[in-house]
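Asker:
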Amino acid sequence: MKHITLIGILTICISTTAFAQKKSKEIMVKKTVKTEEEWKKELTPQQYFVIRQKGTDAPSEDGYTNHFEKGTYHCAACELQLFKSGSKFRSHCGWPSFDDAIDGTVKYVLDKSHGMIRTEIICASCDGHLGHIFDDGPVETTGKRYCVNTSSIKFVKSK
Ligand SMILES: [Zn+2]
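In my numbering, each residue's number is its place in the sequence shown (first place is 1) plus 1.
Quick look at the structure:
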């Protein structure tokens, strides 16, 4: 019985994440291009692992997961503004979650790694890995969940 329930849950999870893609608006963002050597020097080892090697932070209630101050979240690698604090919500999934990104700042890439079909989200300026987008966000807003690694972002408080 337990097995059937687990398979059912897995099927729902996979089907809801398969085509979670939002139309990206055509806004030009200045490209940031650096060599891997330069990124390695500028980023912490964990930031480099997540942003440049498409790694994932361990799920946690620390970092920015439960951070709800007013301000903006920038790309930790190139400083591009990505998310506003007003888009952040409590998803209880262990990663910072947003229901929307600032227009044109996030790109969507089909990701077939780890035996799953997901939509990866990357920074439009430096192509750094941010996380993935899913269709299980708040229904009262966009219905999207931008599931972002704390290591990929940097919070800037509003003045
Ligand atoms: Zn960036």
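Backbone N, C-alpha and C define an ideal beta-carbon position, used for all residues, glycine too.
1. Within the present structure, is the beta-carbon of Ala78 separated from the nearest heavy atom of ligand 1 by less than 7 Å?
2. If we ignore side chains and look at the alpha-carbon of each, how far apart do Lys85 and Pro97 end up?
3. To the nearest angstrom, how far is the alpha carbon of Glu37 from that of Leu131?
4. Where Lys31 and Ala125 are concerned, what is the direct C-alpha to C-alpha distance, given to the nearest angstrom?
5. Does the distance between the C-beta of Thr151 and the nearest non-hydrogen atom of ligand 1 fall short of 7 Å?
6. Distance check for Trp40 and Arg53, CA to CA, integer angstroms please.
7. Please report the residue range of the alpha helix (DSSP H) in which Lys158 lies.
Answerer: Quick answer:
1. yes
2. 12 Å
3. 17 Å
4. 8 Å
5. no
6. 8 Å
7. First-last for Lys158: 154–158, but that is the beta strand (DSSP E), not the alpha helix (DSSP H).
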